[in-house]
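Sequential numbering from 3 applies to the sequence shown in the numbering used here.
The structure appears below as structure tokens.
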Amino acid sequence: MKDVKELNRDQLVELKQTMLCERMDQHGECPSYGELADVDETISDEEVYIFYAGFIFSPDDFFCTAGQED
3 MKDVKELNRD QLVELKQTML CERMDQHGEC PSYGELADVD ETISDEEVYI FYAGFIFSPD
63 DFFCTAGQED
């Protein structure tokens, strides 16, 4: 189990993609593949740290690490 600041880059990118999808969904929009691919440049790590502060994650919370041990 890890807090948001202990996640690896791939896990952080997955969270950023989730944040982007949720933000755009509020306006009835969907991100393009390009926007999803470039999300690491669009949403800062600090934004993710603030938004997910207090959350505890396991590898199974992410596609990139599902099934792996902590």
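Even for Gly, the Cβ is constructed at its ideal location relative to N, Cα and C.
Check	Outcome
Let me confirm a value: Gln70 is counted as buried when at least 16 other C-beta atoms fall within 10 Å, else exposed. Which label applies?	exposed
Would you say Asp40 and Leu14 are within 9 Å of each other, going by their C-beta atoms?	no
Could you compute how far the alpha carbon of Ala55 sits from the alpha carbon of Asp5?	8 Å
Alpha carbon to alpha carbon, how far is Met3 from Phe64? Give it in angstroms, no decimals.	12 Å
Please classify Lys7 as buried or exposed, where buried requires at least 16 other C-beta atoms within 10 Å of its C-beta.	exposed
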